[in-house]
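Quick note, the sequence shown lines up with residues 10 to 305 if you use my numbering.
Quick reminder that beta carbons are idealized off the backbone N, C-alpha and C, glycines included.
Predicted, not measured: the structure shown is a model, and the values here were computed from it.
Here is the structure we will look at, set down as structure tokens.
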Amino acid sequence: MRAKGPGPGPDGQLDRGDLPALQSSIATWKAGWNVKIALRLRQVAAHVTGHHGIARMKLTFLGTRGYIDAATDRHCRHTATLVEYRGRRVMIDCGADWRDRFQEHHPQAIVLTHAHPDHAWGLKSGTARPVYASAQTWEAIADYPLEDRHLVEPGRPEEIRGITFTLFPVEHSTRCPAGGYRIEAGRVTIFYVPDVVYIHDRQSALSGCKLYVGDGATVERSLVRKPGDRLIGHTPVRTQLTWCQKEGVPRAIFTHLGSEIVKGGDETAMARIGPLAEERGVDVRLAFDGMVQVLR
Ligand SMILES: [Zn+2]
Ligand SMILES: [Zn+2]
């Protein structure tokens with residue numbers, strides 16, 4: 010008699026007693042392959058989608074109301090937008106409506122366009138998260154208890170959590186100078202400017218953009234004033250659609266909606282905006298709180 014473990018004996022033969030051991034080693038082998046296949050699938054998925062989730066730019070319009078008294082379910086909170094890419098989350102603007110509330114959306118960083126109440130006052134109680142803003146915006150919110158401050162300089166691309174933000178100064182306010190951001194992630198580039206009269210270097214800002222996210226304070230009526238030698242206020246949607254047409258931007262979404270649109274309703278507004286956009290060959294939408302837009 011040979012003392013026998015599982016597997017063939019010295020004669021190379023298997024007997025019935027080997028069966029359970031063989032079955033178990035086949036199971037181990039299969040499990041090993043399953044693990045290998047699962048790992049390979051994950052590698053392929055990571056290659057396709059980036060290492061942390063989607064490789065598309067995802068915009069969530071958290072709030073879409075301008076600095077107005079009117080508010081509806083559809084346009085309830087001050088304009089703020091979450092940009093996501095590969096699982097990273099950057100919030101643009103944090104107005105008074107978002108105070109003690111923005112944390113719900115777990116932004117990993119916050120980028121400000123300017124220091125007006127509807128864009129920055131939500132940070133009054135502070136946050137430990139990194140905050141990015143221009144020198145003028147930092148000056149205006151110098152006393153906020155923000156621990157992780159980053160200076161954004163016009164025209165200098167800033168990589169924030171894997172998403173590139175380039176600040177373009179715009180006319181809008183003399184007290185709180187504003188900017189728009191050219192935002193790039195993967196193959197997608199968009200321009201985001203919630204409050205604007207005029208973009209200084211419009212061509213560089215908009216060229217090659219898939220989407221323009223603009224200021225919906227007014228459809229056609231001008232809200233631009235000139236109290237001194239500078240223009241302040243908001244340029245109409247119509248003019249911004251013309252910018253898109255001139256710079257070849259195929260799509261526009263308007264946020265930061267004014268009382269005209271919030272009180273009158275989106276459908277009424279779209280009945281006027283739709284033809285203006287069509288004339289200019291631009292696909293247009295009005296944002297609403299919670300609206301998601303995925304770009305690839
Ligand atoms: Zn403003
Ligand atoms: Zn505003």
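query: C-beta neighbour in chain B for His87, strict 7 Å; result: Chain labels in this structure do not include chain B; a single protein chain is all it has.
query: Contact test: His159 Cβ vs ligand 2 heavy atom, cutoff 6 Å; result: no
query: Which of helix, strand or coil DSSP assigns to Trp170; result: Reading off the sequence, residue 170 comes out as Arg, not Trp. Coil at Arg170, not helix or strand.
query: Near ligand 2: Asp127 beta-carbon under 6 Å from a heavy atom; result: yes
query: Residues near Arg230 in its chain [Cβ-Cβ closer than 7 Å; skip 5 each side]; result: Pro245
query: Ala118 versus Ile169: straight-line alpha-carbon distance, rounded; result: 7 Å
query: Alpha helix (DSSP H) segment containing Pro126, residue limits; result: Pro126 to Ala129
query: Buried or exposed by the 16-neighbour rule on C-beta atoms within 10 Å, applied to Thr248; result: buried
query: Euclidean distance between Cα positions of Asp157 and Tyr141; result: 9 Å
query: Expected contact under 8 Å - CB spacing of Gly299 and Gly75 to nearest Å; result: The Cβ separation is near 17 Å, so there is no contact.
query: Cβ-Cβ distance between Val206 and His181 below 7 Å; result: yes
query: For Phe297, three-class secondary structure by DSSP; result: coil
query: heavy atom of ligand 2 below 6 Å from Tyr76 C-beta; result: yes
query: Ala151 beta carbon less than 7 Å from that of Gly131; result: no
query: Beta-ladder partner(s) of Ile282, from DSSP; result: Ile282 is not bridged to any residue.
query: Separation of Glu162 from Asp224, as counted between CA atoms; result: 22 Å
query: Proximity winner among Cys85, Ala64 and Arg65, relative to Lys272 (alpha-carbon distances); result: Cys85
query: heavy atom of ligand 2 below 6 Å from Asp204 C-beta; result: yes
query: Beta-carbon proximity list for Arg305, same chain, < 6 Å, skipping 5 on both sides; result: Arg65
query: Endpoints, the alpha helix (DSSP H) within which Glu256 is located; result: Val246 to Glu256
query: Pair within 7 Å by beta-carbon distance, Thr264 and Phe70; result: yes
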